[in-house]
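If you're matching them up, the sequences are chains A and B in order.
The letter at position 69 of the first sequence is residue 69 when you use the working numbering, and the numbering goes up by one with no holes.
The letter at position 206 of the second sequence is residue 206 when you use the working numbering, and the numbering goes up by one with no holes.
The C-beta atom is built at its ideal place from N, Cα and C for all residues, glycine as well.
Fair warning: this is a prediction, and the values are worked out from it, not measured in the lab.
The block underneath contains the structure these notes are about, expressed in structure tokens.
Protein chains: 2
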Amino acid sequence: MKLSTLSIGDELLFGEVVDSNAASIAARLYDRGVKVQRHLLVGDNEPDIMDAIERLAEWSEAVIVTGGLGPTADDFTARSAAKVTGRRLVLNDEALSHVREFVGAEGGLYHSATERQALIPTKSTIIPNPTGTACGFIITWNGRYLFFLPGVPSEMIRMLDDTVLPFIQERLRQRVTIGTRLFTLFGISEAESDELLRDLPDPESGLSVAFRVSFPTIDVKLRAEGDPDSVAALLQMGGEVVRERLAEFIVAEGGATLDEEVGRLLRESGKSLSLAESCSGGFIAKRLTDIPGSSAYFLEGAVVYSNAAKCRLLQVPKRLIMEKGAVSRDVAEAMARGAREGAGSDLALAVTGVAGPGASEEKPAGTVFIALADGAGCRVEEYHFSGDRRQVRLLTTITALDRLRRYLTTG
Amino acid sequence: MKLSTLSIGDELLFGEVVDSNAASIAARLYDRGVKVQRHLLVGDNEPDIMDAIERLAEWSEAVIVTGGLGPTADDFTARSAAKVTGRRLVLNDEALSHVREFVGAEGGLYHSATERQALIPTKSTIIPNPTGTACGFIITWNGRYLFFLPGVPSEMIRMLDDTVLPFIQERLRQRVTIGTRLFTLFGISEAESDELLRDLPDPESGLSVAFRVSFPTIDVKLRAEGDPDSVAALLQMGGEVVRERLAEFIVAEGGATLDEEVGRLLRESGKSLSLAESCSGGFIAKRLTDIPGSSAYFLEGAVVYSNAAKCRLLQVPKRLIMEKGAVSRDVAEAMARGAREGAGSDLALAVTGVAGPGASEEKPAGTVFIALADGAGCRVEEYHFSGDRRQVRLLTTITALDRLRRYLTTG
């Protein structure tokens, strides 16, 4: 099926808002085996909207239009759709009762302008909007399917999932199934992982591999199409190959984050954790406490920017800092041991480094020590990250969380 | 000038990557008085690219094309441009020496495939690329200007700013100047700020006001056009009105962030700061230490998730937690006083609250106490934020930083 998308809105055209709907529609369709052919973006004016609908209907068998269904004076989509397809614009009973119910349910003031949202071209099929005022609609015209949805991303996606995608899939009379499997990697480059999986994609069997860098992690997505059994088998086989070759770099699967994975592992292990952060400045604590229920394993963290704080809160000997420097293997170890003893936690993670500015020749920006202490002892690793302050802090934080993940996974 | 944009790339069309170039080009043009008419997105295939260039050149006097200039087999833009405009594709000396220099400078392996990037349609003007391998080019065709730029956002924007925008502005022979002024607000809704500035926009004099919500802050942008003197006067007048009516809600101007503003105020005041965070879990420390040079005023932070940590690190009396609860006015005050005394800092900011889950009837999720201690005493405020865990944590963090901003501004 040839399908195009159309976004409508001055705020998108003038760059005030990034048009994220185009990508979310495309990704959802792609996972169901439909590739978007073209995407067009026009402003809030009738001639451009009408022209765009006409052109896209020439090019494609289906057009998904988002935006311009609101109650204000600059919402022209329904009227433009009626004009292009030679329909009349009438108050639609189904849409009107939804508008009344919804505005009532939300307890807002009821304005007659709101009723404008129930003006729908004749002979349309209504697309219900469970979370907003404006219904969408489907017009069948010259053998083309035209779908109209509101531009608010959350409403649009819900309506797409509930109504538009099932409608399209049914008409595709598709015998192929599409399946995907997602792995998130850290500690390996895109080129290296690509190289290691080079022989995996197989156009004949219907297995493809896509890489997407989301610094500093990499998403690897397996995608298979065919009959349900072969899709399951392909993903099973592909997943095993990925796990075998990239095992230690896989930080999460199925779209989970490293933070969530570390949280899950901590919870399952029954071990408690404390933190001592210098250059990461609270970033590790922030990410761990982003996870609901983290108080079950996370006890406390010390953000020790000053040397005095390292000594007082973590019992790091002042002499050690003077002799070795605050950014050193010994101080990292003392911080981890101090945090663990003070908090009485099973594990402690400590970080000290130079994020920049303030680098010296001996300790250039990017030099970071990460220590992990448990009941048996303490292991410190030295890292040399490249990038600006923001990147070094992010790499430090993710590397520290990954150290914890590896520890909890392999013991 | 009628101008359209075209993005090229399967990764955009399949929704793997959001097409952010369209918005960044549009916003930069809009600030210079040029509105984009349409934006089109097509995949990596020659017929679609050729068709798109032709259509957009019909509609507009200028087309800015991004993407498809790389060295790989799926980069078709230069060849499609040559075919549409009836030019030959030849090795361009200027582009070739740039490619050789750049690849050499980057120390990578030199592949002949890389030289493909120097294949440019004849009679083009080269657009230099200071930060990447692929040069851009300008084709003048049938009285239309066609600009071709790489899709990598950082490279594209640099080339747009350096070459394309000056080129367009020169040809516009524009007598109007466009000026903007940006204010960032916190603690007031979009509707309220809109209401307070309702009389400010003036189409006749050329002053407009745009609001953009970037939760939980709001950007207000004044935009004026006309001759240089009247633009300056309009922005001056408009800026004064905004400052007068919204004074206390303005957290930053000119695109700075609240974090940067707080950092600047702390540095100027010469005061040092310590933090005690419970429900914000290190988020405040993380944001403050994002700012380069923050070690000049930020001494330390305690992320005290457990009650034991509150007692040990901040000297909060255990009895107080038992009697009043960890989320209480008294504990917030004790945390701030404890942090200030322990760290020996001029100021201390403390936060305790329920981000959820784990709310009780008495202390529902969103209940947060924020305390600010200085040499003269301690002030605690109680807040009731709504939203999910993520939103409550963000609102807590921004409100705490805003408390600090207000304190440092008004004394």
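So which residues on chain A does residue i lean against when the C-beta distance must stay under 7 Å?
| i | result |
| --- | --- |
| B/VAL42 | ARG38 |
| B/SER295 | TYR305 |
| B/VAL18 | VAL18, SER20 and ALA23 |
| B/THR131 | In chain order: nothing, as chain A lies at least about 14 Å away. |
If you check the beta carbons only, do residue i and residue j fall under 8 Å apart?
| i | j | result |
| --- | --- | --- |
| A/VAL351 | A/ILE284 | yes |
| A/ALA95 | A/ALA118 | yes |
| B/PHE186 | B/LEU91 | no |
| A/GLY325 | A/LEU288 | no |
| B/GLU61 | B/LYS123 | no |
| A/THR184 | A/LYS221 | no |
| B/GLY281 | B/VAL316 | no |
| A/LEU40 | B/ALA26 | no |
| B/THR396 | B/GLY356 | no |
| B/GLU333 | B/CYS378 | yes |
| B/ALA453 | A/ALA339 | Outside the modelled stretch of chain B, which goes from 1 to 411, sits residue 453 of chain B, for which no answer is possible. |
| B/ILE139 | B/THR163 | no |
| B/PHE241 | B/LEU275 | Checking the sequence shown, residue 241 of chain B turns out to be Val, not Phe. The answer is no: Cβ separation not under 8 Å. |
| B/PHE211 | B/ASP227 | no |
| A/LEU408 | A/SER345 | no |
| B/LEU235 | B/ALA224 | yes |
| A/GLU382 | A/ARG337 | no |
| A/GLY238 | A/LEU207 | yes |
| B/LEU320 | B/VAL331 | yes |
Would you mind sorting residue i into buried or exposed? The rule is 16 or more other CB atoms within 10 Å of its CB.
| i | result |
| --- | --- |
| B/ASP93 | exposed |
| B/MET322 | exposed |
| A/SER154 | exposed |
| B/ALA371 | buried |
| B/GLN37 | buried |
| B/GLU190 | exposed |
| B/ARG389 | buried |
| A/PHE385 | buried |
| A/ALA73 | exposed |
| A/PHE215 | exposed |
| A/ILE398 | buried |
| A/GLY107 | Residue confidence is low: A/GLY107 scores 48 on pLDDT, short of 50, so the model does not pin down where it sits. No coordinate-derived value is stated. |
| B/ASP229 | exposed |
| A/SER7 | buried |
| B/ARG393 | buried |
For residue i, return the contacting residues in chain B, with the cut-off set at a CB-CB distance below 8 Å.
| i | result |
| --- | --- |
| A/GLY15 | ALA22, ALA23, SER24, ILE25, ALA26, ALA27, ARG28, LEU29, TYR30 and VAL36 |
| A/PRO216 | Chain B residues near A/PRO216: none, gap ~17 Å exceeds 8 Å. |
| A/ASP48 | GLN37 and ARG38 |
| A/THR125 | Neighbours of A/THR125 on chain B: none; closest Cβ ~25 Å, over 8 Å. |
Candidates the options: which alpha carbon is nearest residue i's?
| i | options | result |
| --- | --- | --- |
| A/VAL152 | A/SER193, A/VAL17 and A/LEU91 | A/VAL17 |
| B/ALA75 | B/LYS318, B/SER306, B/VAL42 and B/ALA224 | A small correction: the amino acid at residue 75 of chain B is Asp; Ala does not occupy that position in the sequence shown. With distances taken between Cα atoms, B/ASP75 lies closest to B/VAL42. |
| B/PHE102 | B/PRO130, B/LEU313 and B/ALA57 | B/PRO130 |
| B/THR77 | B/LYS83, B/LEU69 and B/VAL84 | B/LEU69 |
| B/LEU349 | B/GLU244, B/LEU401 and B/GLU11 | B/LEU401 |
| B/THR66 | B/LEU313, B/ASP161 and B/GLY9 | B/GLY9 |
| B/ALA23 | B/THR5, B/GLU11, B/LEU89 and B/VAL176 | B/THR5 |
| A/ALA296 | B/ILE64, B/ALA256, B/VAL392 and B/ASN307 | B/ASN307 |
| B/ALA252 | B/ASP219, B/THR399 and B/ALA336 | B/ASP219 |
| A/LEU266 | A/LEU246, A/ARG245, A/GLU244 and A/LEU299 | A/LEU299 |
| B/GLU58 | B/ASP44, B/TRP141 and B/GLY86 | B/TRP141 |
| A/LEU347 | A/ARG87, A/GLY270, A/ASN45 and A/LEU235 | A/GLY270 |
| B/GLY293 | A/ILE168, A/PRO364, A/ARG198 and A/ALA359 | A/ALA359 |
Chain A partners of residue i, CB-CB under 9 Å?
| i | result |
| --- | --- |
| B/GLU300 | ALA302, VAL303, VAL304, TYR305, SER306, ALA308, ALA309, LYS310, ARG312 and LEU313 |
| B/ALA285 | GLU277, GLY281, GLY282, PHE283, ALA285, LYS286, GLY301, VAL303 and TYR305 |
| B/VAL327 | Per Cβ cutoff of 9 Å: no residues; B/VAL327 is ~12 Å from chain A at best. |
| B/THR66 | Those do not exist, as B/THR66 stays about 14 Å from chain A at its closest Cβ, beyond 9 Å. |
| B/THR77 | The premise fails here: B/THR77 is roughly 16 Å from chain A at the closest Cβ pair, so nothing lies under 9 Å. |
What residues from chain B crowd round residue i, counting only those whose CB sits closer than 7 Å?
| i | result |
| --- | --- |
| A/PRO292 | PRO357 and ARG389 |
Along chain B, which residues have their Cβ under 9 Å away from the Cβ of residue i?
| i | result |
| --- | --- |
| A/THR72 | Within 9 Å Cβ-Cβ: nothing; A/THR72 doesn't reach chain B, min ~13 Å. |
| A/THR367 | Residues of chain B passing the Cβ test: none, with the nearest at roughly 16 Å. |
Residues of chain D with CB closer than 7 Å to the CB of residue i, please, in chain order.
| i | result |
| --- | --- |
| B/THR114 | Annotation note: the requested chain D is absent from the structure, which comprises protein chains A and B. |
Against chain B: residues of the stretch 211–242 of chain A by CB proximity under 8 Å: ARG212
Chain-ordered residues of the stretch 329–358 of chain B with a beta carbon less than 8 Å from chain A: GLY342, ALA343, GLY344, GLY356, PRO357 and GLY358
Contact residues within the stretch 380–406 of chain B, judged by C-beta distance below 8 Å to chain A: ARG389, ARG390 and ARG393
Residues of the stretch 249–267 of chain A with Cβ closer than 9 Å to any Cβ of chain B, in chain order: none
Against chain A: residues of the stretch 180–202 of chain B by CB proximity under 7 Å: none
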